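Here the working numbering is used: the first residue of the sequence shown is 32, the next is one more, and so on.
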Amino acid sequence: MWIKNFKFIFFISLFLLFGILFGIFTSVSAEVLKKIEVTGNHKTTPKAILINSGVSIGDDIDDTKLKIIEENLRRHHQFNLLKIEFTNGILHLDIEDKWSLFPVPMITQSGNYYYRGGLIYDNNFLGSMGTIAIGAAATNSGLNALLYYQDETFFTTATGFKILLFKKSDLVQFKRRQNLENSFESRFFTILFTPNYLYKNQVFKGGPLYIKKEIYSTDGQQLFFEEGTGLFFRHHLNAYQTLDIQYDGTVTTYNFSVLRDKSGKNVYLHEGWIDNCFPTGSNFINLNVFGHYSNDDMYLATKLLGGQDGYRGYDRSSTPSQYSYGFMAQYQQYLSNRIFLSPFYEWNEIKLIKTILNGKKLSEHTVGIGARYYFKKISIPAIIIDLARNINDKSFHYHLNIGLSI
């Protein structure tokens, strides 16, 4: 009997010994990061790359940590990570910088709505991986202008800021079966400042917000005016890796803003997107869920839907809504030379604001087909052409976008 007990105790002791030795072995396998060496970078600074890798000189690096560093660096649009190695305390990165500073056209045509202008865009400002954009465009109802700067690691590896000055004018023409039901001009100006905090693959942003909004009838009569300050909050989940075209994974965004109006009421707006992109060889599948809700059924927190992905069954900025939610499925078939053919299906539930058909609810399906041509070194479409059929409204909608739109 004692022999069996001895064997049992022996095997248990041997198992514990192996566990201790394994723990010692794995604990000493980590090395201290002493230096970073970067090759292939013509603009991006090693400091910016180190900050955005999520580690600092003096950190312990093991295989798990090295994998996290690789995932962090592959999420950035400013360069392609070609090779990563860590030996003798030295982290060696071989990268290929992408184009950074370039002019981008902003041309949109959707029904009677047009948008024509340009943007100077640098997504690697002074090699810091910060983004600056200055742009202007003319629409049916006036001048749009944008000044924007963002650097999410400006202060530390986890903290930065964004500042936005934005003026936007839209001609809103809501139609049913191509018949004009309501029309007005929306004029909007905002200043936004949001410090941010990065935690792993999440981004938290929040800060003060100033808004001025005016609504005019098409004959020039002012229908609505409001201005004031409030707060804005945003959360991103970046569970993806960038590719030469598109990305692989999931991106989620949640926005919350609150503004006190002249009557003392707190007007709030919730917005959310879940964007999924799945590569299938040279092709892509996009599956997106989205929605918004406001407690205001008039003009202050109105979302002007139409023309963008998910709402292509409506002309651009034509559908003023209090709330909406929907789903989009799109397949991007590679043709040649960065050109893709993209059939799509969209479903929407929309609650119009009170002045449009007395706040009617819409539940509609849209099918269509489009073509996309992508820039060579930045993963945004250079040219988008979409033809959509709103099945419930029995209307066709044509959308052309060249470059960006704001």
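C-beta: ideal position from N, C-alpha, C; glycine also. Please read all numbers here as calculations on a predicted model, not as lab measurements.
Review point. Three or more C-beta pairs closer than 8 Å, one from the region 195-205 and one from the region 346-353: is that the case here?
Key: Touching, per the Cβ criterion.
Practice item. May I have the straight-line CA-CA distance separating Tyr-404 from Ser-367, to the nearest angstrom? Key: Taking the first residue of the sequence shown as position 1, residue 404 is located at position 373. Taking the first residue of the sequence shown as position 1, residue 367 is located at position 336. Near 10 Å, if we compare the C-alpha coordinates of Ser-367 and Tyr-404.
**Study point:** Alpha-carbon spacing of Leu-262 relative to Lys-193, whole angstroms
**Key:** Position 231 of the sequence shown, counting from 1, holds the residue named residue 262. Position 162 of the sequence shown, counting from 1, holds the residue named residue 193. Rounded to whole angstroms, Leu-262 to Lys-193 spans 14 Å at the Cα level.
Exercise for review: Decide yes or no for the touch test of the region 143-154 against the region 81-93: beta carbon pairs closer than 8 Å, at least 3 of them.
Suggested key: Output reads no: the region 81-93 does not touch the region 143-154.
Exercise for review: Keeping to the same chain, check which residues put their C-beta closer than 6 Å to that of Leu-195; ignore five residues upstream and five downstream.
Suggested key: As a working note, residue 195 is residue 164 in the sequence shown. Correct list, in chain order: Tyr-179 and Leu-223.
Point to revise | Same chain only: Cβ atoms within 6 Å of Arg-265, ignoring 5 sequence neighbours per side | key: In the sequence shown, counting from the first residue as 1, residue 265 sits at position 234. Apart from sequence neighbours up to five positions away, the residues of its chain that approach Arg-265 with a beta-carbon distance below 6 Å are Lys-236 and Asn-286, ordered along the chain.
Practice item. Assuming Leu-318 and Ala-360 form a contact by the criterion Cβ under 8 Å, report the distance between their Cβ atoms to the nearest whole angstrom. Key: Here residue 318 refers to the residue found at position 287 of the sequence shown. Here residue 360 refers to the residue found at position 329 of the sequence shown. Between Ala-360 and Leu-318 the Cβ distance is about 6 Å, and since that is below 8 Å, they are a contact.
Review point. Can you list, in chain order, the residues of its chain whose CB lies under 6 Å from that of Val-398, leaving out five sequence neighbours each side?
Key: What you label residue 398 is simply residue 367 of the sequence shown in a count that begins at 1. Excluding its 5 nearest sequence neighbours in each direction, Val-398 has C-beta neighbours in its own chain below 6 Å: Tyr-376 and Arg-420, listed in chain order.
Exercise for review: Please state whether DSSP places Ser-367 in a helix, a strand or coil.
Suggested key: Reading the sequence shown from its first residue, position 336 is the one you call residue 367. Under the three-state reduction of DSSP, Ser-367 is assigned to strand.
**Study point:** CA-to-CA distance, Leu-393 to Tyr-278, given in whole angstroms
**Key:** As a working mapping, residue 278 is identified with position 247 in the sequence shown. As a working mapping, residue 393 is identified with position 362 in the sequence shown. Approximately 32 Å between the Cα atoms of the pair.
Practice item. Give the straight-line distance between the Cα atoms of Ala-332 and Met-160, rounded to the nearest whole angstrom. Key: As a position in the sequence shown, residue 332 is number 301, starting the count at 1. As a position in the sequence shown, residue 160 is number 129, starting the count at 1. Taken atom to atom, the span from the alpha-carbon of Ala-332 to that of Met-160 is near 33 Å.
Point to revise | Buried versus exposed, by CB contacts within 10 Å (16 or more), Lys-199 | key: Translated into positions along the sequence shown, residue 199 becomes position 168. By the C-beta density criterion, Lys-199 is buried, having at least 16 other C-beta atoms within 10 angstroms.
Check your understanding: In the structure shown, what three-state DSSP assignment does Ser-349 receive?
Key -> Taking the sequence shown and counting its residues from 1, one reaches residue 349 at position 318. For Ser-349, the secondary structure class from DSSP, reduced to helix, strand or coil, is coil.
Point to revise | Sequence-distant residues of its chain with Cβ nearer than 8 Å to Met-137 (five each side left out) | key: Looking up residue 137 in the sequence shown gives position 106. Cβ within range, chain order: Tyr-146, Arg-147, Gly-148, Gly-149, Leu-150, Gly-166, Ala-168, Ile-433, Gly-434, Leu-435, Ser-436 and Ile-437.
Review point. Helix or strand or just coil, what does DSSP make of Ile-384?
Key: Against the sequence shown, residue 384 aligns to sequence position 353. Coil, per DSSP.
Review point. Which partner residues of Glu-212 appear in the DSSP bridge assignment?
Key: Locating residue 212 in the sequence shown gives position 181, counting from the first residue. Residue pairing for Glu-212: DSSP places it in no beta bridge.
Review point. Can you check whether the CB of Ile-121 is closer than 9 Å to the CB of Lys-78?
Key: The residue you call residue 78 lines up with position 47 of the sequence shown. The residue you call residue 121 lines up with position 90 of the sequence shown. No; because the gap between Cβ atoms is not below 9 Å, this pair is not in contact.
Exercise for review: Please list, in chain order, all residues of the same chain as Gly-341 whose beta carbon is under 7 Å from its beta carbon, the five residues on each side excluded.
Suggested key: Working through the sequence shown from its first residue, we reach residue 341 at position 310. Answer for Gly-341: Asn-319, Phe-321, Gly-357, Met-359 and Glu-377, listed in chain order.
Practice item. In the DSSP assignment, find the unbroken alpha helix (DSSP H) run with Asp-94 in it and report its ends. Key: For the purposes of this step, residue 94 is taken as the residue at position 63 of the sequence shown. Unbroken alpha helix (DSSP H) run through Asp-94: 94-105.
**Study point:** 9 Å Cβ cutoff met for Glu-395 and Ile-416
**Key:** On the sequence shown, residue 395 is found 364 positions in, with the first residue counted as 1. On the sequence shown, residue 416 is found 385 positions in, with the first residue counted as 1. No, the Cβ-Cβ distance between Glu-395 and Ile-416 is not below 9 Å.
**Study point:** Whole-angstrom distance between Ile-246 and Lys-385, CA atom to CA atom
**Key:** Residue mapping note: residue 385 aligns to position 354 of the sequence shown, counting from 1. Residue mapping note: residue 246 aligns to position 215 of the sequence shown, counting from 1. If you take the alpha carbons of Lys-385 and Ile-246, they lie about 14 Å apart.
Exercise for review: Output the distance between the C-alpha atoms of Thr-284 and Leu-418, rounded to the nearest integer angstrom.
Suggested key: Position 253 of the sequence shown, counted from the start, is the residue given in the question as residue 284. Position 387 of the sequence shown, counted from the start, is the residue given in the question as residue 418. When only Cα atoms are considered, Thr-284 and Leu-418 end up about 27 Å apart.
**Study point:** Exposure of Gly-344, with buried meaning 16 or more beta-carbon neighbours within 10 Å
**Key:** Looking up residue 344 in the sequence shown gives position 313. Classification for Gly-344: buried.
**Study point:** Sequence ranges, beta strand (DSSP E) only - wholly within the region 255-336, length at least 3
**Key:** Complete beta strand (DSSP E) runs here, min 3: 278-291, 297-311, 314-325 and 334-336.
Practice item. Could you check the C-alpha separation between Leu-336 and Tyr-354 for me, to the nearest Å? Key: As a first step, residue 336 must be located in the sequence shown, where it is residue number 305. As a first step, residue 354 must be located in the sequence shown, where it is residue number 323. Cα to Cα, Leu-336 sits roughly 10 Å from Tyr-354.
Practice item. Please work out which residues of its chain come closer than 6 Å, Cβ to Cβ, to Phe-97, disregarding the five sequence neighbours upstream and downstream, and give them in chain order. Key: The sequence position of residue 97 within the sequence shown is 66, counting from 1. For the sequence presented, residue 97 should be read as Leu rather than Phe. A distance below 6 Å between beta-carbons, with the five flanking residues on each side excluded, links Leu-97 to the following residues of its chain, in chain order: Phe-117.
Point to revise | With 16 other Cβ atoms within 10 Å as the buried cut-off, status of Asp-327 | key: Numbered from its first residue, the sequence shown carries residue 327 at position 296. Burial call: buried.
Check your understanding: When we look at the beta-carbon of Asp-250 and count the other beta-carbons within 10 Å, is it buried (16 or more) or exposed?
Key -> Along the sequence shown, one-based indexing puts residue 250 at 219. Answer is exposed; the Cβ neighbour count stays below 16.
Review point. Got a sec? Which residues, its chain only, sit under 6 Å from Ser-84 by beta carbon, not counting five neighbours each side?
Key: Counted from its first residue, the sequence shown places residue 84 at position 53. Around Ser-84: Ile-100, Asn-103 and Leu-104.
Exercise for review: State buried or exposed for Phe-53, treating a residue as buried only when at least 16 other CB atoms are found within 10 Å of its CB.
Suggested key: In the sequence shown, residue 53 corresponds to position 22, counting from 1. Because the pLDDT of Phe-53 is 45, which lies under 50, any placement of that residue in the model is unreliable, and the question is left without a value.
Point to revise | Boundaries (first-last residue) of the alpha helix (DSSP H) holding Leu-157 | key: As a working mapping, residue 157 is identified with position 126 in the sequence shown. According to the DSSP assignment, Leu-157 belongs to no alpha helix (DSSP H), since it is labelled neither H nor E.
Review point. Quick one, are the C-beta atoms of Glu-257 and Ile-242 less than 9 Å apart?
Key: As a first step, residue 257 must be located in the sequence shown, where it is residue number 226. As a first step, residue 242 must be located in the sequence shown, where it is residue number 211. Against a cut-off of 9 Å, the Cβ pair of Ile-242 and Glu-257 comes out as a contact.
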